[in-house]
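Data block below; observations after.
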Amino acid sequence: MSFPSFLLDKKVALVTGASAGLGAAIAKALANAGASVACHGNTRSPEQTCKEIIDHGGVAYSIVGDLSVKQTAADLIERTVAHFDRLDILINNAGTIRRAPAVDYSDEDWEVVIEVNLSSVFRLSKLAGKHMIERRDGGKIVNIASLLSFQGGITVPAYSASKGGVAQLTKALANEWAKHRINVNAIAPGYFRTTNTAALQADETRNRQILERIPAGRWGEPEDLAGAAVFLASPASDYINGHVLIVDGGWMGR
3 MSFPSFLLDK
13 KVALVTGASA
23 GLGAAIAKAL
33 ANAGASVACH
43 GNTRSPEQTC
53 KEIIDHGGVA
63 YSIVGDLSVK
73 QTAADLIERT
83 VAHFDRLDIL
93 INNAGTIRRA
103 PAVDYSDEDW
113 EVVIEVNLSS
123 VFRLSKLAGK
133 HMIERRDGGK
143 IVNIASLLSF
153 QGGITVPAYS
163 ASKGGVAQLT
173 KALANEWAKH
183 RINVNAIAPG
193 YFRTTNTAAL
203 QADETRNRQI
213 LERIPAGRWG
223 EPEDLAGAAV
233 FLASPASDYI
243 NGHVLIVDGG
253 WMGR
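Going by this note's numbering, the sequence shown opens with residue 3, and the numbers climb by one from there.
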């Protein structure tokens with residue numbers, strides 16, 4: 003049995019932060035579903051992700067740009083459209099985290115985290131949305147939120163603020179653009195094995211506490227997010243707007 007509504011043939015996707023981790027897994031999943039994928043790397047090249055996509059018969063294009071720089075968002079959209087002649091799917095995955103107690107949190111850390119995790123998401127979405135509206139062919143925008151869109155966390159004030167903002171921005175853009183057949187939704191990953199959580203994984207006490215609360219009894223692997231991303235990028239989600247889909251092994255239900 004086939005499910006054509008989950009196919010992404012002839013679609014073009016831009017995935018930010020696709021060099022490794024969640025972004026790489028999402029980029030490869032979209033390519034496996036038929037999309038041509040522009041893979042963005044923030045500070046490291048996404049060439050390996052592109053190579054794996056191409057080696058499996060897919061189409062990929064590599065872009066590097068620092069999203070803490072305001073102009074980068076426009077560059078990513080312009081280069082993707084110039085290369086593929088269109089953009090149908092935007093996955094706002096790129097993010098950063100800096101840990102420190104709130105009383106010691108520097109202005110620089112705050113500004114970088116907010117810029118990369120929230121402001122660049124708005125800029126990319128704004129430009130992608132404009133392109134999709136002008137083409138009059140609909141589109142999909144999927145933002146990567148977090149459990150900290152709902153919870154406060156510890157010693158990550160900027161990250162929590164940014165991810166709370168991502169969830170609300172998702173709803174705001176969905177309200178405006180649903181009439182243009184542009185679906186804006188988000189995925190809130192739980193505790194996944196990525197470089198952002200390396201410090202938690204290495205902390206024996208925190209690692210044990212986290213695993214004790216996850217009903218699934220394990221950390222998420224990047225591939226565990228792939229199905230949710232393909233679903234929200236595909237026609238199967240055409241009547242879903244402004245939703246934040248939690249993928250957390252049961253953490254939030256505990």
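Don't be surprised by glycine CBs; every beta carbon is placed ideally from N, CA and C.
Excluding the five sequence neighbours on either side, which residues of its own chain have a C-beta within less than 8 Å of the C-beta of Phe86, listed in chain order? Val14, Ser38, Ala40 and Tyr63
Tell me the rounded alpha-carbon separation between Met3 and Leu10. Low per-residue confidence applies at Met3: pLDDT is 46, beneath 50, and the placement is therefore not dependable, though the value from the model is reported in the following sentence. Each residue's Cα considered, the two are about 17 Å apart.
From which residue to which residue does the beta strand (DSSP E) around Ile99 run? Where Ile99 is concerned, there is no enclosing beta strand (DSSP E), given that its DSSP letter is neither H nor E.
Exposed or buried, which one is Gly19 when buried takes at least 16 other CB atoms within 10 Å? buried
Would you mind sorting Met134 into buried or exposed? The rule is 16 or more other CB atoms within 10 Å of its CB. buried
Three CB pairs or more closer than 8 Å across the stretch 209–228 and the stretch 191–199: yes
Using alpha carbons as the reference points, say which of Asp77, Ala33 and Val71 lies closest to Asp57. Ala33
Can you grab the Cα-Cα spacing for the pair Asn209 / Gln203, in whole Å? 5 Å
Can you tell me whether Gly131 is helix, strand or coil according to DSSP? helix
Would DSSP call Lys13 helix, strand or coil? coil
When DSSP labels each residue in this structure, what does Ile242 get in the three-state scheme? coil
Can you give, in chain order, each stretch of the alpha helix (DSSP H) that sits fully within the stretch 168–251 and has at least 4 residues? 200–204, 206–215 and 228–235
Ala231 and Ile79 - do their beta-carbons sit closer together than 8 Å? no
Are the beta-carbon atoms belonging to Asn187 and Leu234 less than 8 Å from one another? yes
Within a Cβ cutoff of 8 Å, which residues of the same chain sit near Leu171, ignoring the five residues on either side of it in sequence? Leu120, Val123, Phe124, Ser127 and Asn145
Straight-line Cα distance separating Val114 from Ser70: 6 Å
In angstroms with no decimal places, state the Cα-to-Cα distance between Ile184 and Arg46. 30 Å
Can you give the Cα-Cα distance for Ser162 and Arg256, rounded to whole angstroms? 20 Å
Beta strand (DSSP E) segment containing Lys72, residue limits: Counting along the chain, Lys72 falls outside any beta strand (DSSP E), and DSSP gives it neither H nor E.
Looking at Ser21 and Pro237, is the spacing between their C-beta atoms short of 8 Å? no
Leu89 by DSSP, collapsed to three states: which one? coil
Per the DSSP calculation, Ile146 is bridged to which residue(s)? Ile189
At what residues does the beta strand (DSSP E) containing Val118 begin and finish? Unbroken run through Val118: none, as it is neither H nor E.
Counting contacts by CB-CB distance shorter than 8 Å, is His42 in contact with chain B? Judged by its chain identifiers, the structure shown contains no chain B, having just a single protein chain.
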